[in-house]
Ligand code: IFM
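In our numbering, the protein residues as written are 1025 to 1502.
So, in structure tokens, the structure goes:
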């Protein structure tokens, strides 16, 4: 991948005054200490310990050992100079079996984190659910049952009352698409269920959980800034064939519209309801009044963006090969008949994800046009590459610098187009447990030596620190 950048010849691009720079992590990916201080098991403990689910049999048992290295990590953030840190609370630390009173040592851990941030002038941005559902709730049906949404609301109340005004921003859910469709559809995430009807039911109950949490946060913390984080994308038809255009629309329906429509328009997209009608329980779990609960006013939208998708109708795969449109890279959900294509000649990250920052600008402009003018925070963006510590003891991750530079620049383009983007969080502060890829994919701007836990800031850390200090993108050296 090249280190050139479209703006590398021009002047620095300055961001609006007060633009929020941050970095992000999630509980199961970094904390470790899975048996400490009364934490109960989560679906990810169970899933990662079952043979064959995660690369190399990796688990989050130790991860980055952040639970014990919290001060060191806070100091790293201070050095980075960020205005905010986005972290998630592990539900099973607060309610080990998903219900009942709070486990005080669990709350104490997050109190320490929040105080540590505030004493370093870093605003806490807290995600209430980043995929570590208490196993006891999964045993009762998990997100496929309505009761889990009700349990979530109780858990949110406990956290809100404990941390209250000291948390600047509250994010109800991280990427509910992954929880629903990877967790219960493809089975590539915990709990590893493969049932499209259950995935659709989970989709609805996750959104319901979000909607139930909002008034609870507002009543516990009257000034709370509340939002939801969605993983959104752009789906470009691989050709102008009518079937490919329709396939791209279905992919968009599944990833984007199934979430944006109910949250901002108070309705599910008709084409998707029809598509999933045949799968039980599917969206038949919707009850009267649910969409009003789901669609209540928010204070911001969190957007996670990584890559765009080039889409073909799966039945045209052989043709795609012959015509050289691209290499089909898998069909996640056979019911959707959607195929992602790897466009020949495009740079990819070590996840196999295409690098194309224009998708981020396109997405942000679309959100403003079709959904909302609320403040948007890019709550995750970043890239995994095959980093290594060189003989001089440095990690020179120029590919990541280039990726970040292009994407931050794409955010600037969106601001120029009048989109209300107010902040950007790099994923991730630390190399960490990348779900079913285990520790084989490194997204951090800080290298973590997993056997010892030693941290080593990469070149991208210094690049990002400078960006934050200047509040401007400087040309990237070629
Ligand atoms: O590591 C994940 C994170 O947990 C959620 N968003 C995408 C990241 C990279 O895959």
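All residues carry an ideal CB built from backbone N, CA and C; glycine is no exception.
Within its own chain, the residues whose Cβ lies closer than 8 Å to the Cβ of residue 1448, once the five positions on either side in sequence are excluded, are 1043, 1044, 1045, 1046, 1401, 1402, 1405, 1432, 1435, listed in chain order. Within the stretch 1411-1446, no beta strand (DSSP E) run of at least 3 residues lies entirely inside it.
Not a single heavy atom of the ligand IFM lies less than 7 Å from the C-beta of residue 1430. In this structure, residue 1459 has its beta carbon less than 7 Å from a heavy atom of the ligand IFM.
By the Cβ test, the stretch 1255-1271 is not in contact with the stretch 1295-1305, since fewer than three Cβ pairs between them sit closer than 8 Å. Annotation: residue 1151 to residue 1343 spans about 44 Å, alpha carbon to alpha carbon. Around the CB of residue 1119, 16 or more other CB atoms lie within 10 Å, so the residue is classed as buried.
Here the stretch 1173-1183 does not lie against the stretch 1072-1089, with fewer than 3 beta-carbon pairs under 8 Å apart. Counting C-beta atoms within 10 angstroms of its own C-beta, residue 1476 has fewer than 16 neighbours from the protein chains shown and is therefore classed as exposed. Remark: the shortest separation between the CB of residue 1467 and any heavy atom of the ligand IFM falls under 7 Å.
Within the stretch 1150-1219, the complete alpha helix (DSSP H) segments of 4 residues or longer fall at 1159-1163, 1170-1187, listed in chain order. The beta carbon of residue 1053 sits closer than 7 Å to at least one heavy atom of the ligand IFM.
Taking all protein chains in view, the Cβ of residue 1138 is crowded by 16 or more other Cβ atoms within 10 Å, so the residue is classified as buried. Between residue 1451 and residue 1467, the CB-CB gap stays under 8 Å. Within the stretch 1454-1483, the runs of beta strand (DSSP E) that reach at least 3 residues and sit entirely inside it are, in chain order, 1470-1473, 1478-1481. In the three-state reduction of the DSSP assignment, residue 1287 falls in the helix class, which pools H, G and I.
The beta carbon of residue 1481 sits closer than 6 Å to those of 1470, all from its chain and outside the five residues before and after it, given in chain order. In terms of CA proximity to residue 1360, 1335 leads the group 1459, 1335, 1148. Taking the Cβ of residue 1199 as the reference point, at least one heavy atom of the ligand IFM falls within a distance shorter than 7 Å. Of the residues assessed, residue 1148 falls on the buried side of the cut-off, its CB having 16 or more other CB atoms within 10 angstroms. Taking a contact as a CB-CB distance under 8 Å, the pair residue 1158 and residue 1116 counts as one, their CB atoms being some 4 Å apart.
Rounded to the nearest angstrom, the Cβ distance from residue 1230 to residue 1200 is 4 Å, consistent with a contact under 8 Å. Assignment of residue 1377 by DSSP, reduced to helix, strand and coil, places it in the coil class. By the neighbour-count definition (other C-beta atoms within 10 Å, threshold 16), residue 1494 is an exposed residue. Note on geometry: alpha-carbon atoms of residue 1121 and residue 1082 lie some 24 Å from one another. By the beta-carbon neighbour count (other beta carbons within 10 angstroms, threshold 16), residue 1136 is exposed. For residue 1334, the uninterrupted beta strand (DSSP E) run begins and ends at 1333-1337, by DSSP. Residue 1084 is classed as buried because its beta carbon has at least 16 other beta carbons within 10 Å across all chains shown. In this chain, the alpha helix (DSSP H) harbouring residue 1068 covers 1067-1073. When rounded, the separation of the alpha-carbon atoms in residue 1409 and residue 1381 is 16 Å.
Residue 1372 has 1378 as its beta-bridge partners, per DSSP. The beta-carbon separation of residue 1213 and residue 1487, rounded to 31 Å, does not stay under the 8 Å limit for a contact. In terms of side-chain proximity, the C-beta atom of residue 1077 is found no nearer than 7 Å to any non-hydrogen atom of the ligand IFM. Classified as buried, residue 1222 has 16 or more neighbouring CB atoms from the shown chains inside 10 Å of its CB. Residue burial is scored here from C-beta neighbours: residue 1413 has fewer than 16 other C-beta atoms within 10 angstroms and is therefore classed as exposed.
Residue pairing by DSSP places residue 1328 opposite 1255, 1404 in a beta bridge.
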